[in-house]
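S.K.: Sending over a structure as structure tokens; questions will come in a sec.
Protein chains in written order, with our numbering: chain A, 127 to 225; chain B, 127 to 225; chain C, 127 to 225; chain D, 127 to 225.
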């Protein structure tokens, strides 16, 4: 299980991209991967192979809607000495702030 | 006002970095910039000049705690045809998902 | 054919990571994908499916050498209104500087 | 002295962005910072304070040419146990490949 941040940006389609992000989330909903929307990205949690497959589908979304160029970024956090989760990573920071 | 994603990663200090993230947030608290922690980054909202200054201070945090190498990333989203906020960006996507 | 930038960073293994990058390039050499080393990343050119497969193999390199946490980033530039190459992208900028 | 990778991407201005990159390089030429163009980014070498100032100027380039939204990314590699240079980072990898 890894945590990955995904950003799909169409170029040349206008200043707003929220429409494409919403459609990318439909892909994630159909796939069933756990995800979280942030103001700058979508963060997913799951097996790396599945995430790589779903990213390829998300990357196609703007092309299917008329874009001619898409910039897609993925940043994978893979830790194997202990299990990581989206909630666990946030609470690990929050706990250290309280102390 | 821009929205920016910040990631500060010390190299060679161990597998856990939450301690450094918590200290970076103390810098943000002292500065008074609005921010949000996600499982993969810290997102801030404010004037670009201030964000660039605070990133320089956050970048020093791991060095002050013994790190010898730090990789810091900033991704700035600056839109000038309309005001953007962290909440507004998320709700723009959520609205399109409901429809 | 897309162009993609790949960065594989092990956490907690020391300040130098060039050893891991060199081994990641062995993976690329075996695969036969065209690539270019820069001071900040490795850039590859090829079919998206192949690139995603080879990134998964590159991501395993630090784990096979003792790392317990790896942060891997991929940024894909996919343009479908015209063919892009690594050389073509650089010369498109250089030409505009001469004029 | 740090090494930083800079990517300035205007949204909604068309599929080609090489024109903006060329103008960003004019900013770098005027400033006098050492830089290198790659197929996916511009890499600079210099003092962190100067780089942060020049990035702010590069970020303005697309706005000055009609863009209404710009996404600018900076990734800083700062190592303080030894001096790093753009050439040195590349050759450290190449040497390990020969062995």
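Ideal Cβ placement from N, Cα and C applies to all residues, glycine included.
Computed from a prediction, not measured in an experiment: that's the story for all the values here.
1) How many Å lie between residue 145 (chain A) and residue 222 (chain B) at the Cα?
2) Against chain D, which members of the segment 177 to 203 of chain C pass a CB distance test of less than 8 Å?
3) Closer than 7 Å: is that where the CB of residue 156 (chain C) sits relative to any heavy atom of the ligand FAD?
4) Listing by chain order, which chain B residues have their CB less than 9 Å from the CB of residue 137 (chain C)?
5) If you drop the 5 nearest sequence neighbours on each side, which residues of the same chain put their C-beta closer than 8 Å to that of residue 138 (chain A)?
6) Apart from the five residues just before and just after residue 150 (chain C), which ones in its own chain have a Cβ nearer than 6 Å to its Cβ?
7) Out of curiosity, what's the CA-to-CA distance linking residue 215 (chain B) and residue 156 (chain C)?
8) Starting from the beta carbon of residue 207 (chain A), find every residue of chain C whose beta carbon is closer than 8 Å, and list them in chain order.
9) I believe residue 169 (chain B) touches residue 202 (chain B) by the beta-carbon criterion, under 8 Å. Please report the beta-carbon distance rounded to the nearest angstrom.
10) So which of C:173, C:224 and C:147 has the shortest CA-CA distance to residue 158 (chain C)?
11) Tell me, please, whether the CB atom of residue 174 (chain C) is closer than 8 Å to any CB atom in chain A?
12) In the structure shown, what three-state DSSP assignment does residue 208 (chain B) receive?
13) Name the chain A residues that come within less than 7 Å of residue 147 (chain B), Cβ to Cβ?
14) Tell me the start and end of each unbroken alpha helix (DSSP H) in the segment 150 to 223 of chain B that is at least 4 residues and wholly inside, in chain order.
15) Could you please give the first and the last residue of the uninterrupted beta strand (DSSP E) stretch that includes residue 143 (chain D)?
16) Assign residue 224 (chain C) to one of two classes, buried (16 or more other C-beta atoms within 10 Å of its C-beta) or exposed (fewer than that).
17) Taking Cβ-Cβ distances below 9 Å as the criterion, which residues of the segment 154 to 166 of chain B are in contact with chain E?
18) Using a cut-off of 8 Å between C-beta atoms, extract the partners of residue 216 (chain C) located in chain D.
19) Establish whether the CB of residue 118 (chain A) and some CB of chain B are separated by less than 8 Å.
20) Taking residue 199 (chain C) as the reference, which of B:148, B:166, B:154 and B:218 has the closest Cα?
21) Using a threshold of 8 Å, state whether the C-beta atoms of residue 219 (chain A) and residue 218 (chain B) are closer than that.
22) Just the C-alpha distance for residue 131 (chain C) and residue 180 (chain B), rounded to the nearest angstrom, thanks.
23) Under 8 Å, do residue 117 (chain B) and residue 211 (chain A) count as touching if we go by C-beta distance?
24) Within its chain, find whatever has a CB closer than 7 Å to the CB of residue 143 (chain D); leave out the 5 residues flanking it on each side and keep chain order.
25) Given that a residue counts as buried once 16 or more other Cβ atoms are within 10 Å of its Cβ, and exposed if not, what is residue 190 (chain D)?
26) Note down the Cα distance separating residue 176 (chain A) from residue 175 (chain C), rounded to an integer number of angstroms.
27) Pull up the distance between the alpha-carbon of residue 162 (chain C) and that of residue 197 (chain A), whole angstroms please.
28) Using a Cβ-Cβ cutoff of less than 6 Å, which residues in the same chain neighbour residue 171 (chain A) once the five nearest sequence positions on both sides are dropped?
29) Do residue 178 (chain A) and residue 127 (chain C) come within 8 Å of each other at the CB atom, strictly closer than that value?
M.R.: Considering the structure as presented:
1) Residue 145 (chain A) sits at position 19 when you count from the first residue of the first chain. Residue 222 (chain B) sits at position 96 when you count from the first residue of the second chain. Straight through space, the alpha carbons of residue 222 (chain B) and residue 145 (chain A) are spaced by roughly 6 Å.
2) Of all residues in the segment 177 to 203 of chain C, 201 and 203 have a Cβ within less than 8 Å of some Cβ in chain D.
3) Among the components modelled here there is no ligand, and therefore nothing to report on the ligand FAD.
4) Numbered from 1 along the third chain, position 11 holds the residue referred to as residue 137 (chain C). Here the neighbours are 135, 136, 137, 138, 139, 140, 141, 142 and 143.
5) Walking along the first chain from the start, residue 138 (chain A) turns up at place 12. Apart from sequence neighbours up to five positions away, the residues of its chain that approach residue 138 (chain A) with a beta-carbon distance below 8 Å are 193, 194 and 195, ordered along the chain.
6) The residue labelled residue 150 (chain C) in the question sits at position 24 within the third chain. If we look at residue 150 (chain C) and ignore the five residues flanking it on each side, its Cβ neighbours are 134, 184 and 187.
7) Sequence index remark: in the second chain, residue 215 (chain B) carries index 89 (1-based). Sequence index remark: in the third chain, residue 156 (chain C) carries index 30 (1-based). Distance from the CA of residue 215 (chain B) to the CA of residue 156 (chain C), rounded to the nearest whole angstrom, comes to 43 Å.
8) Position 81 of the first chain, counted from the first residue, corresponds to residue 207 (chain A). What residue 207 (chain A) touches in chain C: 194 and 195.
9) In the second chain, residue 169 (chain B) corresponds to position 43, counting from 1. In the second chain, residue 202 (chain B) corresponds to position 76, counting from 1. Not a contact, Cβ separation roughly 11 Å.
10) Start at 1 with the first residue of the third chain, and residue 158 (chain C) comes out as number 32. In terms of CA proximity to residue 158 (chain C), C:173 leads the group C:173, C:224 and C:147.
11) Reading the third chain from its first residue, position 48 is the one you call residue 174 (chain C). Contacts with chain A at 8 Å (Cβ-Cβ) include residue 174 (chain C).
12) Numbered from 1 along the second chain, position 82 holds the residue referred to as residue 208 (chain B). DSSP, reduced to helix, strand and coil, places residue 208 (chain B) outside both helices and strands of the structure shown, so it counts as coil.
13) Here residue 147 (chain B) refers to the residue found at position 21 when the second chain is read from its first residue. Contact annotation for residue 147 (chain B) against chain A: 219 [CB-CB distance below 7 Å, chain order].
14) You should have 174 to 190.
15) Counting from 1 along the fourth chain, the entry for residue 143 (chain D) is found at position 17. Premise fails: residue 143 (chain D) is in no beta strand (DSSP E) and is neither H nor E.
16) For the purposes of this step, residue 224 (chain C) is taken as the residue at position 98 of the third chain. That one is exposed.
17) Judged by its chain identifiers, the structure shown contains no chain E, and its protein chains are A, B, C and D.
18) Within the third chain, the letter at position 90 stands for residue 216 (chain C). Here the neighbours are 163, 164 and 165.
19) No answer is possible for residue 118 (chain A): it lies beyond the span of chain A, which begins at 127 and ends at 225.
20) Mapped onto the third chain, residue 199 (chain C) falls at position 73. Sorting B:148, B:166, B:154 and B:218 by C-alpha distance to the C-alpha of residue 199 (chain C) places B:166 at the top.
21) Within the first chain, residue 219 (chain A) is the residue found at index 93, counting from 1. Within the second chain, residue 218 (chain B) is the residue found at index 92, counting from 1. Judged by beta-carbon spacing, residue 218 (chain B) lies beyond the 8 Å limit of residue 219 (chain A), meaning their Cβ atoms are not closer than that value.
22) To locate residue 131 (chain C), count along the third chain from 1; it is residue 5. To locate residue 180 (chain B), count along the second chain from 1; it is residue 54. Rounded to the nearest whole angstrom, the CA to CA distance from residue 131 (chain C) to residue 180 (chain B) is 28 Å.
23) The structure shown has nothing for residue 117 (chain B), since chain B only spans 127 to 225.
24) Here residue 143 (chain D) is taken as the residue at index 17 of the fourth chain, counted from 1. Around residue 143 (chain D): 135 and 136.
25) In the fourth chain, counting from the first residue as 1, residue 190 (chain D) sits at position 64. Classification for residue 190 (chain D): exposed.
26) Along the first chain, one-based indexing puts residue 176 (chain A) at 50. Along the third chain, one-based indexing puts residue 175 (chain C) at 49. One Cα belongs to residue 176 (chain A), the other to residue 175 (chain C), and the distance between them is close to 13 Å.
27) Against the third chain, residue 162 (chain C) aligns to sequence position 36. Against the first chain, residue 197 (chain A) aligns to sequence position 71. The straight-line gap from Cα to Cα measures roughly 19 Å.
28) One-based indexing of the first chain puts residue 171 (chain A) at position 45. Excluding residues within five positions, the ones whose Cβ falls inside 6 Å are 129, 160 and 212.
29) In the third chain, the residue the question calls residue 127 (chain C) occupies position 1. In the first chain, the residue the question calls residue 178 (chain A) occupies position 52. No, these two residues do not count as a Cβ contact at 8 Å.
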